């Protein structure tokens, strides 16, 4: 049985990491309500956008790690630790790949996008010092092999080492019980017309 190793993302990992996220997020409520995945080309275009985000995150020293199962990449997570918005960097990277990402605009569900944005806003109940788990994705080929648990344990170790709680949000109700078993608490639930956002926090210092 191969062991799972969590390592910092390098440039050589970006393409595969983006593909893993694009494939695994098709059942994630926020992505599903933003992009039309009934179009077979959407997944590849979504991956191009994700490459931009991963490049920007690495450039700004956010925490981006990959899970290696033997010699294969099995998962990826990104954690926003700086509090920066990175808007200008995102714009520059998008312009560099404009020809590839423009077709994405045709596949965005714009009527839902504003409500989605409002639901994702960090509530006041979340401490400002919390780090944000933005992406957690396990390759469908490695589901059920402990990859997700290994990444969550790695996040706990990081949270303890920096003395900051972990904050995440999910639009999938079935994920709530999973995170609760890992010690997360639902701090706020934001209901919109098309979906519900669950904002959750784990504070390993015990000062909740």
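In our numbering, the protein residues as written are 711 to 918.
Beta carbons are placed, not taken as given, at the ideal position from N, Cα and C, and that holds for glycine.
Please read these numbers as outputs of a predicted model, since none were measured by experiment.
{"query": "Residue range of the alpha helix (DSSP H) that includes residue 877", "result": "Where residue 877 is concerned, there is no enclosing alpha helix (DSSP H), although the beta strand (DSSP E) it sits in stretches over 876 to 880."}
{"query": "Between the CA atoms of residue 833 and residue 724 - distance to the nearest angstrom", "result": "31 Å"}
{"query": "Terminal residues of the alpha helix (DSSP H) in which residue 690 lies", "result": "Past the edges of the chain, shown from 711 to 918, lies residue 690, and the structure says nothing about it."}
{"query": "Reference residue 901; option with closest CA among 879, 756, 852, 868", "result": "879"}
{"query": "Residue 841 classed as buried or exposed, judged by whether at least 16 other C-beta atoms fall within 10 angstroms", "result": "buried"}
{"query": "Limits of the unbroken alpha helix (DSSP H) element including residue 786", "result": "Segment 782 to 790 is the beta strand (DSSP E) holding residue 786; no alpha helix (DSSP H) there."}
{"query": "Nearest candidate by alpha-carbon position, reference residue 764, set 746, 877, 790, 915", "result": "790"}
{"query": "Residues near residue 908 in its chain [Cβ-Cβ closer than 7 Å; skip 5 each side]", "result": "879, 880, 886, 896, 899"}
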